[in-house]
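In full-length UniProt numbering, the protein residues as written are 1 to 322.
Right, here's the structure in full:
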């Protein structure tokens, strides 16, 4: 990123709007640099919706409808927390919510989220009358820890009192059917936490989703994870059909067909409990069970074997999701 500073300066002085796309695996600092760059775009606002256990910002990227793609509006440069309410009030039409990086070791989810942001901002034909909200790194502490200490770390970095084991599985910490398919042991990778929404990360996500949904009904919630090449729809705690199951299955099959035609990658579309395992306290089940969002999915990205994807898998994975 440092090598781009002179180019950035010249383009900004010339009044040229531009985007940078990260094709490689990115560190936390590089992602923050990218978000600062992104916030200068006229269709983008980047705000902090809260802090992690260790005090890192949880960034929310708001991509405004493409009807504002041409114009003189200036973007809010992060953090500018005082503009947060304005940020939510701006959503007058339909909204989409994307979340990535809730599990620390799933680096590809973060990279794909950044690529989707880039594509949505670049393509002015996408998102007319639709506000898109993306949390590209929902578990920043865990993400940093996978770069500096333990690559396969999954949870956040909570210090669990009375235990030598750290961390809470943030995708078991939401309060819809809390505890089913999760663990009460702090040493488990699927430790649900001492109570639902015990973690600042899930609290921040919950509050932001409530605010967006109160202004403009969320029509789609997509949680990016890895691995398995699965598109899963709620619920995780039961095999009984959730509301809108036929519609979710139809839309999911359209995605799977698109991915297969475009790249040859096969994604299986199925109910979470049937296709993966019983679980609860997840973002997708909460969005369906509490917000009653019509289209809700967890997308398990490439591949079917490992979390450890090479950097050359980032771009094609993002393209097939796009």
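We put the CB at the ideal spot given by N, CA and C, even for glycine. Small disclaimer: the values here were computed from a predicted structure and weren't measured.
In this structure, residue 59 and residue 35 form a Cβ contact; the two beta carbons are roughly 6 Å apart against a cut-off of 8 Å. Boundaries of the beta strand (DSSP E) around residue 50: 44 to 51.
The region 214 to 226 makes contact with the region 287 to 297; the number of CB pairs closer than 8 Å reaches 3 or more.
Residue pairing of residue 59 in beta bridges, as defined by DSSP: 48. Nearest to residue 228 by C-alpha distance, out of 172, 180, 213, 272, is 272. Annotated three-state conformation of residue 130 is strand, per DSSP.
The three-state secondary structure of residue 141, taken from DSSP, is helix.
Inter-residue distance for residue 155 and residue 185 is about 13 Å (C-alpha atoms, whole angstroms).
When DSSP states are grouped into helix, strand and coil, residue 156 belongs to the coil group. In the three-state reduction of the DSSP assignment, residue 219 falls in the strand class. Cβ contact annotation for residue 93 (same chain, cutoff 8 Å, sequence separation greater than five): 65, 129, 130, 131, 216, in chain order. Taking 9 Å as the cut-off, the beta carbon of residue 277 is found closer than this to the beta carbon of residue 181. Within the same chain, 102, 282 come within 6 Å of residue 171 by CB-CB distance, once the 5 residues on both sides are set aside. Looking at the DSSP output, residue 266 shares a beta bridge with no other residue. Residue 174 sits in coil when the DSSP states are folded into three classes, being neither helix nor strand.
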